[in-house]
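Colleague: Right, I'll just put the structure down here and ask away after.
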Amino acid sequence: MSAHSAEDVRKSVKVYMMVFTILMVLTFVTVAISRIHLPTHWAVFLALAVAGTKGTLVGLFFMHLSDEKRIIYGTLLLTLIFFIFLMAISFFA
Amino acid sequence: MSALIPYIDEPHPVTGVTNGKFGTWLFLASEVMLFGALFSTYIVLRVAAKAWPHGYEVLNIPLATFNTVVLIGSSVTMVMAWASLKMNEFGKFKIYLSSTILLAFVFLVVKYFEYSAKFHHGLSPATSNFYAIYFTITGLHGLHILGGIVVNGYLLGPGSKMWNTHREQFIGRIECAGLYWHFVDLVWIFLFPVLYLL
Chain B
1 MSAHSAEDVR KSVKVYMMVF TILMVLTFVT VAISRIHLPT HWAVFLALAV
51 AGTKGTLVGL FFMHLSDEKR IIYGTLLLTL IFFIFLMAIS FFA
Chain G
1001 MSALIPYIDE PHPVTGVTNG KFGTWLFLAS EVMLFGALFS TYIVLRVAAK
1051 AWPHGYEVLN IPLATFNTVV LIGSSVTMVM AWASLKMNEF GKFKIYLSST
1101 ILLAFVFLVV KYFEYSAKFH HGLSPATSNF YAIYFTITGL HGLHILGGIV
1151 VNGYLLGPGS KMWNTHREQF IGRIECAGLY WHFVDLVWIF LFPVLYLL
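Those sequence lines, one after another, are chains B and G.
Numbering-wise, the first sequence is residues 1 to 93 according to my numbering.
Numbering-wise, the second sequence is residues 1001 to 1198 according to my numbering.
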């Protein structure tokens, strides 16, 4: 079903472990940053930046988005547009 | 023998993916809007509020950090369960999927302790907008974890018989269950800093 062969998957296992390690490090980074109690806009920006990085790693490697078909990318692009709109309208409330 | 659903064990000629995978991504897109609506509600409520506690003032950070580690770990075991099937290692698949379910239970148990501590102090969704949002978002997320446990439990148990009858379709099911599970992890990756650390 998926495009990946058994051999590709075997190589990917090392990648999964590396991504796991990075995600653990970033988790502790985000907690460490929060203890500094930065001014609001910095705190929000950094928290979202770290979370965004972690999310990107999960999406690219665990959800195999690094190597997907165009229909999936298209679906996600549409989702992103609507999501940004949803977040933006909260500033007009 | 072909399965009842068309293009479930081979890619659809137009989309290039199986119907199951395409359907799963469409479902996840709708879930983005569901949680997105709650996140934007949180933004609206917090920006308008005269007073709003910092997460670290009222919530248990060490417990939530532990839960974050647990959930990310469960995402790794989930992808390893799929990888094991791709490498024809059914025994390892069962170990990894069991671990995923176990870690999910650990997450819920920790959540139970978090919630009961709050209830014990007389704090509930009715207490304030902060607690309303906290319980609603983490509660909905917790229900998603429970749903994942049910699905993964089925796939580990009675559902795993499909490994012998419709192998490609079964691998597809595990991949789609994995996509859902990674999404649930993704939501928490954003939930944790937003609610607990800001």
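A virtual CB, placed ideally from N, CA and C, is assigned to each residue, including glycine.
What is the rounded straight-line gap between the Cα of G/ALA1029 and the Cα of G/PHE1192?
Modeller: So the alpha carbons of these two residues sit roughly 21 angstroms apart.
Colleague: What is the C-beta distance between G/VAL1017 and B/ILE71, in whole angstroms, given that I count them as a contact (C-beta under 8 angstroms)?
Modeller: The Cβ separation is near 6 angstroms, so the contact holds.
Colleague: Go to G/ILE949, then tell me how far its alpha helix (DSSP H) extends in each direction, as first and last residue.
Modeller: The displayed coordinates of chain G run from 1001 to 1198. Any statement about residue 949 of chain G would go beyond what the structure contains.
Colleague: Thinking C-beta only, is G/SER1075 closer than 8 angstroms to G/HIS1166?
Modeller: For G/HIS1166 and G/SER1075, no; Cβs fall outside 8 angstroms.
Colleague: Three-state secondary structure (DSSP) at G/TYR1199?
Modeller: Since the first and last residues shown for chain G are 1001 and 1198, residue 1199 of chain G lies out of range.
Colleague: Which class does B/ALA88 belong to by DSSP, given the choice of helix, strand or coil?
Modeller: It is helical.
Colleague: Is there a Cβ of chain B sitting closer than 8 angstroms to that of G/HIS1182, yes or no?
Modeller: By this cut-off, G/HIS1182 is an interface position.
Colleague: On the three-state DSSP scale, how would you describe G/MET1087?
Modeller: Three-state result, G/MET1087: coil.
Colleague: Does B/HIS4 have its Cβ less than 8 angstroms from a Cβ in chain G?
Modeller: So, interface residue.
Colleague: Which runs of the alpha helix (DSSP H) at least 4 residues long sit entirely within the stretch 1043-1129 of chain G? Give them in chain order.
Modeller: Whole alpha helix (DSSP H) segments, 4+ residues: 1055-1058, 1061-1086 and 1090-1120.
Colleague: Following the continuous alpha helix (DSSP H) through B/HIS41, name the residue where it begins and the one where it ends.
Modeller: Unbroken alpha helix (DSSP H) run through B/HIS41: 40-57.
Colleague: Is the Cβ of G/LEU1059 closer than 8 angstroms to any Cβ of chain B?
Modeller: No, its Cβ sits nowhere closer than 8 angstroms to a Cβ of chain B.
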